[in-house]
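S.K.:
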Amino acid sequence: MKKTACLLALIAVAGLMMITAPQQADARPKYFKAFTTKYAEVKEEATKAENKCGVCHGGPKGKKKKQLSDYGMALKKALGKKNEKNADKIAEALDAVAKEKCGDDTTYGDLLKEGKLPPPFKEEKKAE
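So for the sequence shown, the numbering used here puts the first residue at 26; every next one is plus one.
1) What number of angstroms, rounded off, separates the C-alpha of LEU93 from the C-alpha of MET26?
2) With a threshold of 7 Å on Cβ separation, who are the neighbours of ASN76 within its own chain once the five nearest residues in sequence on each side are excluded?
3) For the beta strand (DSSP E) containing THR119, list its first residue and its last residue.
4) Assuming contact is defined by CB atoms lying nearer than 7 Å, are VAL122 and LEU136 in contact in what I supplied?
5) If we ignore side chains and look at the alpha-carbon of each, how far apart do ALA46 and LYS147 end up?
6) Judging by CA-CA distance, which residue of ASP95, CYS78, ASP129, TYR96 is the nearest neighbour of LYS88?
7) Can you tell which of MET98, ASP95, THR72 has the C-alpha that lies nearest to the C-alpha of LYS86?
8) Less than 8 Å between the CB atoms is what I'm expecting for ALA103 and ALA118, so what's the real figure, rounded?
9) Does DSSP put THR29 in a helix, a strand or coil?
10) Are the beta-carbon atoms belonging to GLY140 and GLU66 less than 7 Å from one another?
11) Three-state secondary structure (DSSP) at LEU93?
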């Protein structure tokens with residue numbers, strides 16, 4: 026009887042730990058690999074720790090995954106589905122985003138070919 030109670034308590038504690046454990050980041054390494062392969066001009070800058078996730082995401086070092094830069098939103102739209110794994114579809118999405126304007130008359134493709142990363146996520150200031 027004591028062994029059964031101990032076993033049930035252990036299972037309950039283990040289950041509780043699994044439920045309350047911090048959630049791991051939902052990384053998309055295929056997107057980043059395709060990006061740095063396609064745009065070798067920015068690979069060195071993009072792979073720096075402070076920029077890696079920040080190409081698409083907001084916050085310091087791109088840690089705020091729910092915040093997407095304009096480039097990140099355009100890529101999300103071009104991909105069409107969450108967590109696309111098909112390398113050809115990822116490449117097509119990168120090509121589509123490269124044609125989009127990022128400001129004046131410059132496209133993301135032009136900017137990247139010049140060796141510059143897309144503008145980072147901008148926090149919108151609330152009107153007072």
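Don't be surprised by glycine CBs; every beta carbon is placed ideally from N, CA and C.
M.R.: Taking the geometry as given:
1) For the purposes of this step, residue 93 is identified with residue 68 of the sequence shown, where counting begins at 1. For the purposes of this step, residue 26 is identified with residue 1 of the sequence shown, where counting begins at 1. Near 55 Å, if we compare the C-alpha coordinates of MET26 and LEU93.
2) Taking the sequence shown and counting its residues from 1, one reaches residue 76 at position 51. The answer, listed in chain order, is GLU70, LEU142.
3) Against the sequence shown, residue 119 aligns to sequence position 94. According to the sequence shown, residue 119 is Leu rather than Thr. From DSSP, LEU119 is part of no beta strand (DSSP E) but of the alpha helix (DSSP H) over 112-123.
4) In the sequence shown, residue 122 corresponds to position 97, counting from 1. In the sequence shown, residue 136 corresponds to position 111, counting from 1. Their beta carbons are not under 7 Å apart, which means VAL122 does not touch LEU136 by this criterion.
5) As a position in the sequence shown, residue 46 is number 21, starting the count at 1. As a position in the sequence shown, residue 147 is number 122, starting the count at 1. Confidence at ALA46 is low in this model, with a pLDDT of 48, below 50, so its placement is unreliable and the value that follows should be read with caution. C-alpha separation (whole angstroms): 31 Å.
6) By one-based count along the sequence shown, residue 88 stands at place 63. Closest option to LYS88, Cα to Cα, is CYS78.
7) As a working mapping, residue 86 is identified with position 61 in the sequence shown. Ranking the options by Cα distance to LYS86, first place goes to THR72.
8) One-based indexing of the sequence shown puts residue 103 at position 78. One-based indexing of the sequence shown puts residue 118 at position 93. Contact holds; Cβ gap of about 4 Å.
9) Here residue 29 corresponds to residue number 4 of the sequence shown, with the count starting at 1. Looking at THR29 - three-state DSSP - the assignment turns out to be helix.
10) Taking the sequence shown and counting its residues from 1, one reaches residue 140 at position 115. Taking the sequence shown and counting its residues from 1, one reaches residue 66 at position 41. Result yes, Cβ atoms of GLY140 and GLU66 sit closer than 7 Å.
11) For this step, residue 93 is matched to residue 68 along the sequence shown. Three-state DSSP puts LEU93 in a strand.
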